[in-house]
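Protein chains in written order, with this note's numbering: chain A, 506 to 627; chain B, 2 to 286.
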């Protein structure tokens, strides 16, 4: 199983990023061989629709599970549409959350926020 | 001649100034471009003669023709398209109706459909033609409404007063881009001065002649006035803070129609602008 988490840096003890769409990197933990993989999130610099582009990257990564502190509506439409499961992280620690998920301690993310659109004013 | 009235923040007196400038003219068109909360009609109470719908074009995907090449997804710089579960998903609120996806699709799988986002009401109040843009609730952008509002009234021989939305974002740029003159309305506060500096930067960028109307002036230091002096900005009018004015305004009265003192103030502002634009036109040719 491939578990994807938005993260701040390209190292395995990095923190969970507070933003899904504008996280600089995504970490993928593969439970089969306990390996870590990083994807650069090119949507982070997008002037608009970052959540949509980021969700596209995430579903293309073939991960089955997303662990994130929050997720906007547009991104959730894509991720849930691709049959990925989304769980809410409990704290900033990547390792803690992976372990908690594997132990069945994480809850599905139910609060989907409407997004932080139009801050640039379009 | 098109005169746009703008300010960095709401509540400075854009509508007060634009409604009254239109009212003191021989004949004028008043365009309410503040489509999220148009309020000029509350003053003019026009007889509505014409209502039109404003529609934008949204891509319509034929999933039977789509081969999943993703050229449209990669092309869309607004990220309005995604490819999930072997089909293209369209995010209507993010789409800017550019039509690019339709052009790049090698399979001709994309057509366009129209989606209504708002209306324009046109009517008359004495010598003023009142045009009101209204964005439907929940829609993301009123820019297409402003485009249609201004496009249909571009005769140069008519005076057009554009009541712009607050701020300095895309919709304000759309409202002022063809203006011959911009009136910046400012309040005598530090916050108001900061917002004045934002619209000042915008009109400088657009290279449109402009002047400032200082509203709600008190008998004390006015930071907005100091800003104008520091930046050598022309102050074309001053309106004193006056409780009676506030009362009349809140009742939806057009002060220049009922109080000769205000009629004079706004006539002088309009005359100044007409003279300055006339001068600018002559000096350009």
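Idealized CB from N, CA, C, for every residue including glycine.
Just so you know, these numbers come straight off a predicted model, no measurement behind them.
Asked                                                                                                                                                                                                         : Found
Going by C-alpha distance, which of B:194, B:162, B:172, B:175 is nearest residue 184 of chain B?                                                                                                             : B:162
Only counting the same chain, and skipping five residues up and downstream in sequence, which positions put a Cβ closer than 7 Å to that of residue 13 of chain B?                                            : 186, 187, 188, 193, 216
Looking at chain B, which residues of the stretch 573-588 of chain A have a Cβ within less than 8 Å of any of its Cβ atoms?                                                                                   : 579, 582, 583, 586, 587, 588
On a CA-only basis, which of B:223, B:203, B:198 is nearest residue 240 of chain B? Give me that one, please.                                                                                                 : B:223
Residues of chain A with CB closer than 9 Å to the CB of residue 85 of chain B, please, in chain order.                                                                                                       : 560, 561, 564, 582, 583, 584, 586, 587
Anything in chain A within Cβ reach of residue 79 of chain B, meaning under 8 Å, just list it in chain order.                                                                                                 : 553, 554
Counting contacts by CB-CB distance shorter than 7 Å, is residue 1 of chain B in contact with chain A?                                                                                                        : Residue 1 of chain B cannot be examined here, being either before or after the span of chain B that is shown, 2 to 286.
Hey, how far is the Cα of residue 259 of chain B from the Cα of residue 24 of chain B?                                                                                                                        : 11 Å
At what residues does the alpha helix (DSSP H) containing residue 258 of chain B begin and finish?                                                                                                            : 256-259
Give the straight-line distance between the Cα atoms of residue 79 of chain B and residue 536 of chain A, rounded to the nearest whole angstrom.                                                              : 35 Å
Take residue 231 of chain B as the anchor and find which of B:145, B:47, B:197, B:119 has the nearest alpha-carbon.                                                                                           : B:197
Run the CB neighbour count on residue 547 of chain A, radius 10 Å, all protein chains shown included, and call it buried at 16 or more, exposed below.                                                        : exposed
Quick one: which chain A residues come within Cβ less than 8 Å of residue 74 of chain B?                                                                                                                      : 561
Under a CB-based cut-off of 7 Å, is residue 184 of chain B close to chain A?                                                                                                                                  : no
Would you kindly work out how many angstroms separate the C-alpha atoms of residue 624 of chain A and residue 554 of chain A, rounded to a whole number?                                                      : Annotation note: pLDDT 45 at residue 624 of chain A (below 50); position unreliable, no value reported.
Report yes if the CB atom of residue 210 of chain B is closer than 7 Å to the CB atom of residue 228 of chain B, and no otherwise.                                                                            : no
Could one say the Cβ of residue 95 of chain B lies closer than 7 Å to chain A's Cβ atoms, at least one of them?                                                                                               : yes
If you follow the beta strand (DSSP E) that residue 53 of chain B is part of, which residue opens it and which one closes it?                                                                                 : 48-62
Which one of B:130, B:60, B:38 has the shortest CA to CA distance from residue 11 of chain B?                                                                                                                 : B:38
What distance in whole Å lies between the Cβ atoms of residue 571 of chain A and residue 599 of chain A, which are believed to be in contact at a cut-off of 8 Å?                                             : Between residue 571 of chain A and residue 599 of chain A the Cβ distance is about 13 Å, and since that is not below 8 Å, they are no contact.
What runs of the alpha helix (DSSP H), each 4 residues or longer, lie entirely inside the stretch 11-45 of chain B?                                                                                           : 15-25, 41-45
Helix, strand or coil: how does DSSP classify residue 216 of chain B here?                                                                                                                                    : strand
Using only CA atoms, which one of A:567, A:605, A:606, A:601 lies nearest to residue 589 of chain A?                                                                                                          : A:567
Residue 124 of chain B lies in the beta strand (DSSP E); which residues open and close that run?                                                                                                              : 111-126
Apply the 10 Å Cβ neighbour rule to residue 164 of chain B and answer buried if 16 or more other Cβ atoms are within range, or exposed otherwise.                                                             : buried
Can you give the Cα-Cα distance for residue 124 of chain B and residue 238 of chain B, rounded to whole angstroms?                                                                                            : 29 Å
Looking at the strands, I want to know which residues DSSP matches up with residue 543 of chain A.                                                                                                            : A:532
When the cut-off is 7 Å and only beta carbons count, does residue 557 of chain A lie next to chain B?                                                                                                         : yes
Going by other Cβ atoms of all chains shown within 10 Å of its Cβ, with 16 needed for buried, is residue 515 of chain A buried or exposed?                                                                    : exposed
State the start and end residues of the unbroken alpha helix (DSSP H) segment that holds residue 239 of chain B.                                                                                              : That residue, residue 239 of chain B, is in no alpha helix (DSSP H); its beta strand (DSSP E) goes 236-241.
According to DSSP, simplified to helix, strand and coil, what is residue 624 of chain A?                                                                                                                      : Confidence at residue 624 of chain A is low in this model, with a pLDDT of 45, below 50, so the placement of that residue should be treated as unreliable; the coordinate-derived value is given next. The answer is coil: DSSP assigns residue 624 of chain A none of H, G, I, E or B.
Below 8 Å on the Cβ atoms is my guess for residue 573 of chain A versus residue 510 of chain A; work out the distance and round it to an integer in Å.                                                        : 7 Å
Does the Cβ of residue 626 of chain A have 16 or more other Cβ atoms within 10 Å, making it buried, or fewer, making it exposed?                                                                              : Model confidence at residue 626 of chain A stands at a pLDDT of 41, short of 50, so the residue's coordinates are unreliable; what they give is reported in the following sentence. Exposed, because fewer than 16 other Cβ atoms sit within 10 Å of the Cβ of residue 626 of chain A.
So if DSSP puts residue 136 of chain B in a beta bridge, which residue, or which two residues, is it bridged to?                                                                                              : B:119
Starting from the C-beta of residue 53 of chain B, find all residues in its chain whose C-beta is less than 6 Å away, skip the five residues before and the five after it, and write them out in chain order. : 121
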